[in-house]
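Student: What follows is a structure written as structure tokens; I'll ask about it next.
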Amino acid sequence: MSETVKNKHVKKKNSAVLLLKTVITAVLLFFTWYLCSHFMEYQKNATNQVNKYRIDQVCQLSAGSAVSQKFVAKHTHLKTVKVYFGNDYSGQASGKVILNIIDLETGKSIQRLTKNISDIVNNDYTEFKTDLQLTKKKEYSIQLTTSGAESGKEPLIFQWTTKETGFRGKLKINQEEQGKYLVSKLYYPVTIYQQWAGICMMMALVLLLLWFALPAPEMVKKALGQILFFAAPLFTFWFVERFTDNPIFRMRAAEFWLNILVYYMFFGLLYLIFNSRRVSVTIGSILWCIIGIANYYVLSFKGAPIVPSDIMSARTAANVAENYTYSIQPVFVWNVLFLLLYLSIMWRCPVPKKMGWKKRVIMLVVIGLLGSVLGHFVVEQKTLKNFGIKNNVWDQKKGYAKNGLFFGFVLNMNSLVQEKPSDYSVEAAKDIAEKYEEKFANEDSDKKKKGRLETADGTKPNVIGIMNEAFSDLSVINEFSTNEDYMPFIHSLKENTIKGSLYMSIFGSGTCNSEFEYLTGNSMSFLQNGIIAYTQVVKDKLPNMTYLLKEQGYKGNLALHPYLASGWNRVQVYDYMGFDHFYSETDFKNPTMYRKYISDESDFKKIEELYENRTEKDEPFYLFNVTMQNHGGFDKTYSNFHNDIQITDNHKNEQAEQYLSLVKKTDDAFKQLVEYFSKVKEPTIIVMYGDHQPAVQSSFYDSLFGKSAGSLTNEELMNKYRTPFIIWANYDIKEKTIDKMSANYLSAYVMNEAGLETSPYQKFLLKLRKKLPVLTAMGCFDKKGKYYESALESPYSDMVKEYQILQYNNLIDTKHTVNSFFYLSDEQKK
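The numbering used here runs 13 ahead of the 1-based position in the sequence shown.
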């Protein structure tokens, strides 16, 4: 290559580098400007952070009790003290909370502040404006007492392992030291300015390193480059856990080193791909920074950290992400700055020669072996459990706090592998099917009782199924008072109605899993934790209610969802399930909107429209509808929606009030739908149920339960998985209230009670329901109401194992599905 050509290449490279530096500088300056313009938001969040899943209730601040926490003054001006309280009687309780700042040298109070107990917010910080001048480095104490409080209605005090800077010693109750620190924040104005100065200084350092060389000897830079490269996985592990206030050095040794292992394997793979230390560390660390931020928001909004199934559902999540409120968090700012400084220094250090192919092969083999061994133990589980390492399927938050984000995610990868039941074989499935087919065939059909939903003349009724988004009656957890009934029509509905409690396998999100259980009769309890059925499991034609109704001459066979059709892979799945047409939000014209979603009023009117416009009016009509109105994201206010329902007792919560106001709209819309079909001459059944309870603030649920989620037993937690179901008919039926049923039985129950033909699989489910009326991923109840964490632990484990084999046969081993068991026989069809 000639000198001229070389110079041209160098010139082009320099131009590209200059452009890149300019772009990065512009981005950093924009970042600085953004922080300046949002300084007040930064300041507020800097003194308001609390990881509510790391706190423990320590005592009730009853008469005669004094709670104290010693601290050393970091600065002279203490502007505010914030204390985290629990107060079930906010807005009602009498008496005051007294906060004293005690000078420990003299033993005297230098400031006394009071707050009415009724003004103390439940499960949140209460601010005491001290505006006090202290002596720097001198010891003081925060002392909390009450005066005039009604017995049993005093606020709660919390402790945690997080030590506020300046705290000395542990929390004391009546001078008796406890195991942790008071959940409290001390706000010195100077600390915010110091943080701001630190941010500006770090930003300046990054910009200097971007444009100028590192002022150090070459040998020092080489050594520094080596250290930064090999420390990158540890550094990434550290800042990723910082996003959720989970200090890595407080982890147990086993979880700590397993996280180190997976991070080193991850960065090792990137190094193999790019064969560049700088590029692999840059890409890897930035990617994990993005994941850390994403996990923070998923944790905040969904109430659970990122799990593998979330990736499969990323498109659905993106569709609703804009409906949540995002705010600038100090930990984001500092983590990004630490990362930028780390990368800036590394890019200024010399780069060693690239690895040769022999070393890369050896490295690949080592990573492969480590990955295989780790993968084996993750799938096998038993060995890890012997060391106290396990996936917390009940509370993923606590699981990730213990196991770390990356390794916690790896443990959940097990959910992507659909393990075959130990006794499964195609022959076993056939044997079970034949046994029950023969049993059902030999049953005397003449003795069969007439179904409650069966029409007098045997006419097949229209069937309309409605899975109502987040529809639930939260009073099943505990009673609370409102200014008016939020479900007056449904509560009053008795004639020609079957009602009850339906137990679901999900809470707060994962709608399609409830849909899956209802339509197919399959149970999420046999799938790995974290699975999203529609995106990860349903890959072929699947036996379900739709096919069974079509085989009996039903027409329409429509699916309706007033939102994006792409959500949960429904376009593909509904095709697998035999629906003839799928209507989505694009099929609505000028609908009524509540917040950002199509209302149930407009949704139900669409049902009426599709019914009226059906072409084959001599045949029974079938439609399945999934609503959208009540979807999560209750933390915003909207000009087109007002909270008509107000909670009037100590459980008051704005998010819950918005949710209950939406439920009232659902009740109004359902009343209109029932009134419409009351006038229809054709016999019609409407089945409506909720897919899960809403993801309102966890503090509201804590208030209803009277304790935090972490303190609940698994049986108590089942109340968070209850939703109502209503089966209404426009003709005479035998009314009934059903105490307990799970979603996997509901479609079989409806078809059987309507006098319609049912498949052997549905007959099997109805037989199992008599023994285990509730069978969900969260546990089961037997016919006597006894709770079991796993159905396989119940006295009916043999039949449960048969259920598991039959489900695997129709859902996973689709090439060998025993069709005669899951569809109707020729004699049963139309």
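All C-beta atoms in this analysis are idealised placements derived from N, C-alpha and C, irrespective of residue type, glycine included.
What does the alpha-carbon distance come out to for the pair glutamate 447 and glutamate 766?
Tutor: 25 Å
Student: Just grab the DSSP bridge partners of alanine 3 for me.
Tutor: Residue 3 cannot be examined here, being either before or after the span of the chain that is shown, 14 to 843.
Student: Note down the Cα distance separating phenylalanine 713 from leucine 725, rounded to an integer number of angstroms.
Tutor: Leucine 725 has its alpha-carbon roughly 14 Å from the corresponding atom of phenylalanine 713.
Student: So asparagine 663 packs on aspartate 101, CB below 8 Å; how close in whole Å?
Tutor: Yes, they are in contact, since the Cβ atoms of asparagine 663 and aspartate 101 sit about 5 Å apart, within 8 Å.
Student: Please go through the same chain and pick out, in chain order, the residues whose beta-carbon is closer than 7 Å to the beta-carbon of lysine 747, but skip the five residues on each side of it.
Tutor: Arg465
Student: Label isoleucine 303 either buried or exposed according to how many other C-beta atoms from any shown protein chain fall within 10 Å of its C-beta, with 16 as the threshold for buried.
Tutor: Counting of Cβ neighbours within 10 angstroms places isoleucine 303 among the exposed residues, the total staying below 16.
Student: If we ignore side chains and look at the alpha-carbon of each, how far apart do serine 75 and isoleucine 261 end up?
Tutor: 36 Å
Student: Using C-beta distances below 8 Å, list every residue in its chain close to alanine 469, excluding the 5 sequence neighbours before and after it, in chain order.
Tutor: Tyr744 and Asp745
Student: Output yes or no for whether 7 Å exceeds the beta carbon distance between leucine 271 and phenylalanine 420.
Tutor: yes
Student: Considering only the alpha carbon of each residue, which of Pro228, Lys619, Ser78 and Pro318 lies closest to lysine 602?
Tutor: Lys619
Student: Which two residues bound the contiguous alpha helix (DSSP H) that contains proline 501?
Tutor: 501-505
Student: How about proline 474 and proline 696: are their beta carbons less than 7 Å apart?
Tutor: In this structure, proline 696 lies closer than 7 Å to proline 474 by Cβ.
Student: Could you say if the stretch 501-513 and the stretch 652-667 meet the contact criterion of at least three C-beta pairs nearer than 8 Å?
Tutor: no
Student: Determine the direct distance from the alpha carbon of threonine 533 to that of methionine 264, and round the result to whole angstroms.
Tutor: 42 Å
Student: Below 8 Å CB to CB, which residues in the same chain sit around leucine 824 once its five sequence neighbours on both sides are set aside?
Tutor: Thr533, Asn535, Val550, Val551 and Leu555
Student: Relative to the alpha-carbon of glutamate 770, which residue among Lys784, Lys842, Ser488 and Gly719 has its alpha-carbon at the smallest distance?
Tutor: Lys842
Student: Buried or exposed: methionine 232, going by 16 or more other Cβ atoms within 10 Å of its Cβ?
Tutor: Flag for methionine 232 reads exposed.
Student: Is there at least one non-hydrogen atom of the ligand GTP closer than 6 Å to the beta-carbon of aspartate 436?
Tutor: No copy of the ligand GTP occurs in the structure displayed, which carries no ligand at all.
Student: Using 7 Å as the limit for Cβ to Cβ distance, is aspartate 752 near chain D?
Tutor: Going by chain labels, chain D is absent from the structure shown, which holds only one protein chain.
Student: Any idea which residues DSSP pairs methionine 606 with across the strands?
Tutor: In the DSSP output, where bridge partners are listed per residue, methionine 606 has Ile611.
Student: Check the C-beta distance from glycine 179 over to valine 85 and give it rounded, since I have them as a contact under 8 Å.
Tutor: 5 Å
Student: So for glycine 580, helix, strand or coil by DSSP?
Tutor: Three-state DSSP puts glycine 580 in a helix.
Student: Are valine 294 and alanine 245 close, meaning C-beta to C-beta below 7 Å?
Tutor: yes
Student: Quick one, which of Phe141, Gln342 and Lys512 has its alpha-carbon nearest methionine 754's?
Tutor: Lys512
Student: Hey, how far is the Cα of tryptophan 581 from the Cα of valine 639?
Tutor: Here the alpha carbon of tryptophan 581 sits roughly 12 Å from the alpha carbon of valine 639.
Student: Where glutamine 431 and isoleucine 544 are concerned, what is the direct C-alpha to C-alpha distance, given to the nearest angstrom?
Tutor: 9 Å
Student: Going by alpha carbons, who is nearest to asparagine 259 out of Tyr607, Leu515, Tyr413 and Ser691?
Tutor: Tyr413
Student: Run the CB neighbour count on valine 849, radius 10 Å, all protein chains shown included, and call it buried at 16 or more, exposed below.
Tutor: With the chain running from 14 to 843 in the structure shown, residue 849 is simply not present.
Student: Could you say which of Lys25, Phe44 and Glu815 lies nearest to lysine 433 if we only look at CA atoms?
Tutor: Glu815
Student: Quick check on the DSSP output: the alpha helix (DSSP H) that includes glutamine 817 runs from which residue to which?
Tutor: Residues 810-824.
Student: So what does DSSP say about histidine 90, is it helix, strand or coil?
Tutor: Strand.
Student: Nearest by alpha-carbon distance to serine 111: which of Val320, Ser122, Thr127 and Gly120 is it?
Tutor: The sequence shown places isoleucine at residue 111, rather than the serine named in the question. Ranked by how close their Cα comes to the Cα of isoleucine 111, the residues Val320, Ser122, Thr127 and Gly120 have Thr127 in first place.
Student: Identify every residue that forms a DSSP beta bridge with alanine 742.
Tutor: Ile698
Student: Do tyrosine 635 and valine 763 have their C-beta atoms closer together than 7 Å?
Tutor: No, they are not a contact pair.
Student: I'd like the span of the beta strand (DSSP E) that includes phenylalanine 794, first residue to last.
Tutor: It spans 792-794 - the beta strand (DSSP E) in which phenylalanine 794 sits, taken as one unbroken run.
Student: Strictly by DSSP, which residues pair up with glutamate 189?
Tutor: Ile186
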